[in-house]
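Those protein sequences? They're chains D and R, same order as listed.
Under this note's numbering, think of the first position of the first sequence as 1, with each following residue one higher.
Under this note's numbering, think of the first position of the second sequence as 149, with each following residue one higher.
Data block below; observations after.
There are 2 protein chains.
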Amino acid sequence: MPMSTDVLTRAESICQQRGVRLTTQRRRVLAILCASNRPLGAYEILEAMRDGARTLAPPTVYRALDFLLEHGLVHKIESMHAFVGCNHPEHPHSSQFLICHDCGVVTEIDDAAVTQSLGSAADVSGFRAQRRVVEVIGTCAQCAEKNG
Amino acid sequence: MPMSTDVLTRAESICQQRGVRLTTQRRRVLAILCASNRPLGAYEILEAMRDGARTLAPPTVYRALDFLLEHGLVHKIESMHAFVGCNHPEHPHSSQFLICHDCGVVTEIDDAAVTQSLGSAADVSGFRAQRRVVEVIGTCAQCAEKNG
DNA sequence: CTGAGATGGCAACAATATAACAACTCGGCC
DNA sequence: GGCCGAGTTGTTATATTGTTGCCATCTCAG
């Protein structure tokens with residue numbers, strides 16, 4: 001499935017391949033995250049989902065997020081308590097995030113050198129890595145240019 | 149000041165050099181963190197500080213933590229919402245953390261290759277890095293050996 | 001069509017963090 | 001000593017983020 005295909009469609013087929021269900025709530029959460037150009041907190045997602053008169057409680061969002069996280073369709077930005085949709089959920093990967101504290105945009109990168117050096121550093125200590133949290137907070141190119 | 153000197157004493161002289169005060173509350177928080185072999189949440193620190201009948205509220209702890217973080221005397225483990233004392237607060241540095249989810253021990257490392265590759269990755273995007281959050285969650289050597 | 005398992009709604013709660021403002025402490029200065 | 005002002009702390013209340021438990025509902029294979 002080519003990168004150009006809509007993320008939701010790709011997510012759909014990923015779930016189908018894995019025999020799990022991309023239910024309405026899960027798809028809505030994913031859609032909201034993908035439509036946003038910045039990470040959203042769980043309660044922001046909740047708010048976005050309550051478009052009509054529908055009352056909706058936190059567990060619904062958190063359960064959907066748990067599912068999406070487990071299947072690599074979204075990532076959690078630990079330093080912000082927020083979530084972003086993943087660009088390339090096809091295969092498991094460890095990404096790094098560049099977080100602009102000025103405009104709020106988060107860029108997901110997957111730098112081989114970072115992954116590799118982090119792996120070696122862990123190996124040296126005999127550490128068996130399972131999950132990696134790599135977040136760089138600073139100023140993105142656009143904002144740096146704008147503000148000097 | 150040699151590494152062997154007590155952390156609190158070193159912290160004291162660092163603050164003196166910078167013309168800031170390592171007050172009683174700040175020193176207490178730092179002492180509690182340094183005495184612990186694992187990261188402590190803000191409310192655990194609060195609990196530890198309420199040894200006698202003293203009533204003490206969250207802001208006191210958070211303010212002390214803000215100060216200690218600002219001066220690099222402690223680090224925050226974002227993925228745990230917890231704090232650890234810093235091993236070598238003398239000079240500013242960007243460290244990485246190996247977090248064992250089995251025994252809870254957190255090891256602070258300062259790997260040049262990681263720092264460098266992360267720097268290059270940011271540079272490529274024209275990103276101006278200010279703060280780095282690098283946390284690897286997994287199993288430490290001791291626990292890996294123990295549990296197969 | 002039926003029953004097991006997955007999913008969702010709901011209410012209460014737990015954990016983490018901050019706002020706002022009053023009171024105090026300490027060092028410098030007259 | 002006495003006083004000032006900046007920084008620090010106390011106190012109350014509240015915001016934000018995340019979780020648990022329980023039961024109703026839906027889905028889908030057999």
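Positions of the beta carbon are idealized from the N, C-alpha and C atoms, including for glycine.
Chain D within 9 angstroms of residue i, Cβ atoms only
i        : result
R/Gln244 : yes
R/Thr255 : yes
R/Val262 : yes
R/Leu266 : yes
Interface partners of residue i on chain D, CB under 7 angstroms
i        : result
R/Glu283 : Val133
Neighbouring residues, chain R, relative to residue i (Cβ below 9 angstroms)
i        : result
D/Gly126 : Cys288, Ala289, Gln290, Ala292, Glu293
Under 8 angstroms by beta carbon: chain D residues contacting residue i
i        : result
R/Glu226 : Glu78, Ser79, Val133, Glu135
Beta carbon proximity, residue i to chain R, threshold 9 angstroms
i        : result
D/His101 : yes
Through-space distance from residue j to residue i, alpha-carbon basis
i        : j        : result
D/Thr60  : D/Gln25  : 8 angstroms
R/Leu216 : R/Ala179 : 11 angstroms
D/Ala64  : D/Gly41  : 13 angstroms
R/Met197 : R/Phe231 : 15 angstroms
R/Gly252 : R/Ala292 : 13 angstroms
D/Ser117 : R/Ser265 : 7 angstroms
R/Glu256 : D/Pro92  : 27 angstroms
D/Gly119 : D/Leu8   : 32 angstroms
D/Asp51  : D/Glu44  : 12 angstroms
R/Asp214 : R/Lys224 : 10 angstroms
D/Cys86  : R/Ile162 : 43 angstroms
R/Arg186 : D/Asp6   : 44 angstroms
D/His71  : D/Gln96  : 17 angstroms
Contact list for residue i against chain D, beta-carbon separation under 9 angstroms
i        : result
R/Ala269 : Gln96, Leu98, Ile109, Asp111, Ala113, Val114, Val136
Contact set between residue i and chain R, taken where Cβ atoms lie within less than 7 angstroms
i        : result
D/Ala129 : Val284, Gly286
Helix, strand or coil at residue i [DSSP, three-state]
i        : result
R/Thr172 : helix
R/Ala205 : coil
R/Thr253 : In the sequence on display, residue 253 of chain R carries Val and not Thr. Coil at R/Val253, not helix or strand.
D/Arg18  : helix
R/Arg211 : helix
D/Cys34  : helix
R/Cys248 : strand
R/Gly286 : strand
*Interface positions of the segment 23-50 of chain D facing chain R (Cβ-Cβ less than 7 angstroms), listed along the chain*: Nothing from the segment 23-50 of chain D brings a Cβ to less than 7 angstroms from some Cβ of chain R.
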